[in-house]
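Each step along the sequence shown adds one to the number in the numbering used here, with nothing skipped, and position 126 is 126.
The beta carbon of each residue, even a glycine, is placed where N, CA and C say it ideally should be.
As the structure is a prediction and not an experimental result, all values here were calculated from the model.
Please read the structure below before turning to the comments.
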Amino acid sequence: MIALRWILSGALVLASAGVHADWVKAGETPEANFFVDLGSLEKDGSNRRFWELTDLKQRGKEGEMSMRARVLYDCQGQRARTLNLTVHAEPMASGKILFVGGEDPQGWIAVAHKSVSADKLRMVCAR
1 MIALRWILSG ALVLASAGVH ADWVKAGETP EANFFVDLGS LEKDGSNRRF WELTDLKQRG
61 KEGEMSMRAR VLYDCQGQRA RTLNLTVHAE PMASGKILFV GGEDPQGWIA VAHKSVSADK
121 LRMVCAR
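Right, here's the structure in full:
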């Protein structure tokens, strides 16, 4: 019963994260628009934890139109990792949830220069 409560609590946190989000556009590519929720930003030394959103311009192969992820960026180390992720059938993390994932097994990934991730890194690390 306790495990079920934790699962339901986690699902509610994921579901409610977009309700009051303060999405700020962080970048764009031909395939997608990228947003950061500055209202969710948490600082811990050189680390920044926040929600980010990828809004696709065309529906993906699995029917997805957007992805919302809780991420951790290391400002000093110029790297990032995904903590959890939801994939949605509609834009701006709305509609049916198609997939829920936990922490990325790849762990930390270097942020490439001149990328949308680098733009997000600059945006959140400046705060």
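Note that the segment 47-59 touches the segment 83-94; at least 3 beta-carbon pairs, one per stretch, sit closer than 8 angstroms. One alpha carbon belongs to MET67, the other to THR86, and they sit about 6 angstroms apart.
Residue nearest to ARG79 within the set PHE35, GLU52, ALA112 and GLU42 is ALA112 (criterion: CA-CA distance). The alpha-carbon separation between CYS125 and GLY39 amounts to approximately 14 angstroms. In the DSSP secondary-structure assignment, VAL100 is bridged to THR86.
Leaving aside the five residues that flank GLY107 on each side, the residues in its chain whose CB is nearer than 7 angstroms to its CB run, in chain order, ARG81. In this model, VAL36 and ASP119 are separated by some 10 angstroms (Cα to Cα). Burial is judged here by how many other beta carbons sit within 10 angstroms of a residue's own beta carbon; ALA21 has at least 16 and is buried. For MET67, the enclosing beta strand (DSSP E) stretches over residues 66-74.
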